[in-house]
Each structure stands twice: as C-alpha cells, then as structure tokens.
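The structure appears right after this line, and notes come after that.
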Amino acid sequence: MIIATTFCVAIGSVSSQPKLPSLDLAFFVRRVEPIFLEKRLSHTRCYVCHVESNNAFRLEKLAPGSKSWTDEQSRRNFETVSILVNPGDPATSRLLLHPLAPEAGGDVFHSGGRQFASKADPAWKTLAAWVNGAKLDAPGK
-9 MIIATTFCVA IGSVSSQPKL PSLDLAFFVR RVEPIFLEKR LSHTRCYVCH VESNNAFRLE
51 KLAPGSKSWT DEQSRRNFET VSILVNPGDP ATSRLLLHPL APEAGGDVFH SGGRQFASKA
111 DPAWKTLAAW VNGAKLDAPG K
C-alpha cells in the first residue's frame, strides 16, 4: 500500500509540471540563422565574432562564397545555440540576454556590443518566438 501511494504521488507530481516547448529546427534555419548573418546598424554581424569564438556560442564556418549554411552545419548550429536557451523562457536565455542592452533587461556579459536596444527589436522578437516554441508552419510565421 505504501509503495502504491508513493508511486501515485510521484506520477502526480510529474504530470503537474508544465511541458516545455520544443525548439523547432525549421524555424531556426529559416528565421533565426539569418539574424546571425545580418549586418546591424553600428554593429558587426554575430557571425563575424562567433564563427571563431572559444565560448559556448560558436557558429559553423560558411564555405567560401556561401551565403548560408549547409543542412548539416545548420543542425550543428541548432545544437550549439539550443544550449544557450531555456525553452519557454526568453527572459532567462543567454542567447537573448547577452546582446540586449542592460537598460532593456540584458546583462553585462556581452563583449560584442548591444545588438538589441530593446525587446521590441524585430530580431529579438524572432529569437524570443523560437525560444517560446514557434513553429515555421504556425500562422503568421
């Protein structure tokens, strides 16, 4: 009887936890990766610093003359970048906090400048949507 009660309590506590959204590879490739290659006003592209970086955010090197990654490179980028996010919680995801201006809620740990002045920046919103589980086939995406 004690074992059955313990089992039921354990099962009940697991099922009451909210399910975290899954990160969508297709959305990442079509909407997120282009942000890393985009030249932003008064800033260099994320790619320039993060292709040769020794930190957790290291992007795959593009082939000479290429403007995008191969499918395999995109999968590796997805795996690397996914480590920098807390699915369902953009506000605590390093990918969104480091390049965000401190006055907008970002942290002080990004040596590459502030890519986003606010959370209203369209690119920041795209990254946040991905972290929140946006799918490429969802309406309006």
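Residues in the sequence shown are numbered consecutively from -9, following our numbering.
Cβ coordinates follow ideal geometry from the N, Cα and C atoms, glycine included.
Note that this is a predicted model, so its numbers are computed, not measured.
For Phe106: DSSP bridge partner residues: Leu90
Nearest to Val19 (by Cα), restricted to the options Asp61, Leu10 and Asn44: Asp61
C-beta contact flag for Thr82 and Arg21 at 8 Å: no
Skipping 5 residues on each side, what residues in its chain have a beta carbon closer than 8 Å to that of Ala46? Thr70, Ile73, Leu74 and Arg84
Which one of Asp79, Pro80, Phe106 and Asn76 has the shortest CA to CA distance from Pro89? Phe106
Report the residue ranges of all alpha helix (DSSP H) runs contained in full by the region 42 to 84; include only those spanning at least 4 residues, in chain order. 61 to 72
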